[in-house]
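A.B. asks: Structure provided below as structure tokens; questions to follow.
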Amino acid sequence: MKLKRVTVLLSAFLLLSSSVAFAANTQTVKATVSNLKYTLNGKNWTAKTTAKPVVINGTTYLPVGVVKEATKTNITVDSKTGKINIGEKGAKTPFQQVSFDYDDFSNTRNKSHTNIEGKEYKEVLYTKFTAFAHDYSTPDKKYQTLHLDLFAPKETVEVTVFEDLIDDRSLGNVSVEPGKVTSLEVNVTDVKKIMISLKNFDNGEHEFVILPTSYYK
């Protein structure tokens, strides 16, 4: 195995653990860059990142990007608090507080749309469409989970969440039956932008609602 001597900062790599704090002063150490190959679930696998594993005092450390991609576990560094967060955020971030494009959806306080299953919501995301509709949200690689609460008043609507606007990268889908709130939860680890796609090819216009209880975490 070919190895190369380099000097790195410990803060650039980590071992899997729960959310951990790191010292404000980084420590410079000698490390060995390794050309180790990866297997994922028993199959040869190549990471998107070009960063390599390193060996420090006999222990192998994996690049954060490799761990995120392979395990679908979100890892973020908060330079203000000096913490590395692994997994879901501790608090829920309302879906609409994250960048949203409002292409086909709009906010409404119309009571004919905000009263759902006997519960009155102050405001919802609403659209009326023929055949299909879509809109975009930008989690910007900051979250692990997207939870959507969805409602179709009259007809079944097929909902799919796509990654990076590319139709063959489906993160998850669900059939939302009329008159019943349906939840869809997808992993958005390392995802910059998503597209929410709605489909119903029956004749006429179709209504659809995203509830304010939807969130990122």
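Residue numbers for the sequence shown follow my numbering, so the first one is 269 and each next one is one higher.
We treat Cβ as the ideally placed atom computed from N, Cα and C, and that holds for glycine.
Within the same chain, show all residues whose beta-carbon is closer than 7 angstroms to that of E423, passing over the 5 residues directly before and after it, in chain order.
C.D. replies: Translated into the one-based positions of the sequence shown, residue 423 becomes position 155. Here the set comprises P446, N468, D470, H474.
A.B. asks: Would you mind working out which of R437, T341, V297 sits nearest S465, comparing C-alpha positions?
C.D. replies: Here residue 465 refers to the residue found at position 197 of the sequence shown. Measuring from the Cα of S465, the nearest candidate turns out to be R437.
A.B. asks: When you compare the CB positions of T341 and Q412, do they come within less than 9 angstroms of one another, or not?
C.D. replies: The residue labelled residue 341 in the question sits at position 73 within the sequence shown. The residue labelled residue 412 in the question sits at position 144 within the sequence shown. Yes, the pair counts as a contact, with Cβ atoms nearer than the cut-off.
A.B. asks: For D417, which of V297, Y389, N303 has the nearest alpha-carbon?
C.D. replies: Translated into the one-based positions of the sequence shown, residue 417 becomes position 149. That would be Y389, whose Cα lies nearest to the Cα of D417.
A.B. asks: Within a Cβ cutoff of 6 angstroms, which residues of the same chain sit near F373, ignoring the five residues on either side of it in sequence?
C.D. replies: Numbered from its first residue, the sequence shown carries residue 373 at position 105. So the list reads L393, T395, D403, once near-sequence residues are dropped.
A.B. asks: Taking DSSP as the reference, what is the three-state secondary structure of S482?
C.D. replies: Taking the first residue of the sequence shown as 1, we reach residue 482 at position 214. In this structure, S482 counts as coil in the three-state DSSP scheme.
A.B. asks: Tell me whether P407 is buried or exposed, calling it buried when 16 or more other Cβ atoms sit within 10 Å of its Cβ.
C.D. replies: Here residue 407 corresponds to residue number 139 of the sequence shown, with the count starting at 1. By the 10 Å Cβ count, P407 comes out buried.
A.B. asks: In terms of residues, what are the limits of the alpha helix (DSSP H) holding S380?
C.D. replies: Translated into the one-based positions of the sequence shown, residue 380 becomes position 112. It spans 379 to 382 - the alpha helix (DSSP H) in which S380 sits, taken as one unbroken run.
A.B. asks: Give the DSSP-derived three-state secondary structure of T318 in the structure shown.
C.D. replies: Position 50 of the sequence shown, counted from the first residue, corresponds to residue 318. Three-state DSSP puts T318 in coil, outside helix and strand.
A.B. asks: So G333 is in the alpha helix (DSSP H); what residue range does that whole segment cover?
C.D. replies: Within the sequence shown, numbered from 1, the residue matching residue 333 stands at position 65. Counting along the chain, the alpha helix (DSSP H) containing G333 begins and ends at 332 to 339.
A.B. asks: In angstroms, rounded to a whole number, what distance separates the CA positions of V477 and K311?
C.D. replies: Against the sequence shown, residue 477 aligns to sequence position 209. Against the sequence shown, residue 311 aligns to sequence position 43. Roughly 41 angstroms separates the two Cα atoms.
A.B. asks: Since V322 and V345 are thought to touch, with beta carbons under 8 angstroms apart, how far apart are those beta carbons, to the nearest angstrom?
C.D. replies: Working through the sequence shown from its first residue, we reach residue 322 at position 54. Working through the sequence shown from its first residue, we reach residue 345 at position 77. At roughly 17 angstroms, the Cβ-Cβ gap does not stay under 8 angstroms, so V322 and V345 are not in contact.
A.B. asks: When burial is assigned at 16 or more other CB atoms within 10 Å of the CB, is E385 buried or exposed?
C.D. replies: Counted from its first residue, the sequence shown places residue 385 at position 117. Exposed is the call here.
A.B. asks: If you measure between the beta carbons of N303 and K320, is that distance less than 9 angstroms?
C.D. replies: Working through the sequence shown from its first residue, we reach residue 303 at position 35. Working through the sequence shown from its first residue, we reach residue 320 at position 52. Yes, Cβ-Cβ distance for N303 and K320 is below 9 angstroms.
A.B. asks: So, using beta-carbon positions, are D458 and S405 closer together than 9 angstroms?
C.D. replies: Residue numbering aside, residue 458 sits at position 190 when the sequence shown is read from its first letter. Residue numbering aside, residue 405 sits at position 137 when the sequence shown is read from its first letter. Result no, Cβ atoms of D458 and S405 do not sit closer than 9 angstroms.
A.B. asks: Based on DSSP bridge pairs, tell me the residues matched to V477.
C.D. replies: Start at 1 with the first residue of the sequence shown, and residue 477 comes out as number 209. BP columns for V477 point to Y394, F419.
A.B. asks: Give the secondary structure of F400 by DSSP, where H, G and I count as helix, E and B as strand, and everything else as coil.
C.D. replies: In the sequence shown, the residue the question calls residue 400 occupies position 132. Correct three-state label for F400: strand.
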